[in-house]
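Peer 1: Per mature numbering (1 follows the signal peptide of the UniProt record, and there is no 0): the sequence shown = residues -22 to -1, 1 to 265. By construction, the Cβ of each residue, glycine as well, lies at the ideal position given by its N, Cα and C atoms. Predicted, not measured: the structure shown is a model, and the values here were computed from it. To start, I am sharing the structure in question, which I have written as structure tokens.
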Amino acid sequence: MRLLFSIGAVLVAGMFAGGDVAGIAAPGPKFESPKNQPQRPAADRDAQTVDVELVLAVDVSYSMDMDELAIQREGYAQAIQSKEFLQALKLGPNGRIAVTYFEWAASSDQKIIIPWRLIDGPETADAVAAEILKTPIRRASRTSISGAITFAMPLFDEDPYRGLRRVVDISGDGPNNNGGPVTVARDAALEKGIVINGLPIMVKEPSYSTMDIDNLDFYYEDCVIGGPGAFVITIKDRGQFKEAIRTKLLMEVAGRTPERPVMRVADKEPRVSCLIGEKIWSDRWGR
């Protein structure tokens, strides 16, 4: 079941009421120790356990302008350093998370900006934020959400830490128009116990010169996200960028969903075609 809402529905302060972390997903096969491998001591296993393994997958396609890309980078860095984020971190059963950050465009274009890093307090949060900000901003062609999800899946196998939850966070301003169908990649991730959340960016009016579409939030809700407690936070104004990113990270770290009632979407025919991006590209450029 997927939980869907806009940023206006999120009450950050209410997320921390009650103290218990909710929405823990069942671990996938990687959590089973191979029989031919020696078991690590319990204390060592505990030291490697984190509350969530979080993959941040960030769109850098040409439809994102340089200002948006800069605000996006700053938004992630500031969110990780914020007192609200650090408070959410402390409330987890282990008080630490593992995070990696990569940028994506076409199906063959993904670049890891931050390899797996442990965040367990202000010092490690500051170090990760500094790494995010120091990398030069780049842009690239095409938009392959399916490629980003496919690239993200094996990253969990490379993570030296083991999380109670595994989450891929996809941000982007357009539908999939390159690589395999997004639903195939999404379903493969869900089979591995990975949760996918979305941050659709809708700050521009759709036009013929771009791949933007109406109702990108519906597209993300019905075609991209999935898994226990999966959610979408929509950005419809440039001024919402940093607030939306901070709220999204808070919820992912705390493993929470809004306390107020939210709309529940059952499995049904998507409101926006999950192949709309591929169709637009083919209609315009014939390939």
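Gln50 and Phe219: beta carbons closer than 8 Å?
Peer 2: Within the sequence shown, the letter at position 72 stands for residue 50. Within the sequence shown, the letter at position 241 stands for residue 219. The Cβ atoms of Gln50 and Phe219 lie closer than 8 Å to each other.
Peer 1: Between the Cα of Glu198 and the Cα atoms of Glu247, Ala66, Ala84, Gly150, which residue gives the shortest distance?
Peer 2: One-based indexing of the sequence shown puts residue 198 at position 220. In the sequence on display, residue 198 carries Tyr and not Glu. If we check each option's Cα against that of Tyr198, Gly150 comes out closest.
Peer 1: Under three-state DSSP, which class holds Pro100?
Peer 2: In the sequence shown, the residue the question calls residue 100 occupies position 122. Correct three-state label for Pro100: helix.
Peer 1: Quick check on the burial criterion: 16 or more other C-beta atoms within 10 angstroms. Buried or exposed for Asp43?
Peer 2: Counting from one through the sequence shown, the residue named residue 43 turns up at place 65. Classification for Asp43: exposed.
Peer 1: At which residue ranges does the stretch 117 to 154 contain complete alpha helix (DSSP H) runs of 4 or more residues, listed in the order of the chain?
Peer 2: 123 to 130, 133 to 136
Peer 1: Got a sec, what are the start and stop residues for the beta strand (DSSP E) Asp192 sits in?
Peer 2: Residue numbering aside, residue 192 sits at position 214 when the sequence shown is read from its first letter. Unbroken run through Asp192: none, as it is neither H nor E.
Peer 1: Any idea what DSSP makes of Asp200, helix, strand or coil?
Peer 2: Counting from 1 along the sequence shown, the entry for residue 200 is found at position 222. Helix at Asp200.
Peer 1: Using only the alpha-carbon positions, how far apart do Met229 and Asp147 sit?
Peer 2: Position 251 of the sequence shown, counted from the first residue, corresponds to residue 229. Position 169 of the sequence shown, counted from the first residue, corresponds to residue 147. Spanning the alpha carbons of Met229 and Asp147 requires a straight line of approximately 11 Å.
Peer 1: Using only the alpha-carbon positions, how far apart do Glu10 and Thr128 sit?
Peer 2: Position 32 of the sequence shown, counting from 1, holds the residue named residue 10. Position 150 of the sequence shown, counting from 1, holds the residue named residue 128. Caution applies to Glu10, whose pLDDT of 34 falls short of 50 and renders its modelled position unreliable; the value that the coordinates give is listed next. Between Glu10 and Thr128, the C-alpha separation is close to 22 Å.
Peer 1: Using only alpha-carbon positions, find the residue among Asn193, Gly205, Arg140, Asp200 that is nearest to Ala166.
Peer 2: Start at 1 with the first residue of the sequence shown, and residue 166 comes out as number 188. Nearest C-alpha to Ala166: Gly205.
Peer 1: Run through the DSSP bridge pairs and tell me what Gln88 is partnered with.
Peer 2: Here residue 88 refers to the residue found at position 110 when the sequence shown is read from its first residue. DSSP, once it has assigned bridges, lists Trp82 as partnering Gln88.
Peer 1: Identify every residue that forms a DSSP beta bridge with Asp37.
Peer 2: Numbered from its first residue, the sequence shown carries residue 37 at position 59. BP columns for Asp37 point to Trp82.
Peer 1: Roughly how many angstroms separate the alpha carbons of Met180 and Ile213, rounded to a whole number?
Peer 2: By one-based count along the sequence shown, residue 180 stands at place 202. By one-based count along the sequence shown, residue 213 stands at place 235. One C-alpha to the other measures close to 6 Å.
Peer 1: Under 8 Å: do the stretch 117 to 126 and the stretch 51 to 60 share three or more Cβ pairs, one atom per stretch?
Peer 2: no
Peer 1: With DSSP as the reference, identify every bridge partner of Pro178, one or two as the case may be.
Peer 2: On the sequence shown, residue 178 is found 200 positions in, with the first residue counted as 1. Answer by DSSP bridge pairing, in chain order: Gly150.
Peer 1: Could you have a look at Leu228 and say whether DSSP puts it in helix, strand or coil?
Peer 2: Sequence index remark: in the sequence shown, residue 228 carries index 250 (1-based). Helix at Leu228.
Peer 1: For Gly152 and Gly125, what's the separation of their Cα atoms in angstroms?
Peer 2: Stepping through the sequence shown from its first residue, residue 152 is reached at position 174. Stepping through the sequence shown from its first residue, residue 125 is reached at position 147. So the two alpha carbons sit approximately 14 Å from each other.
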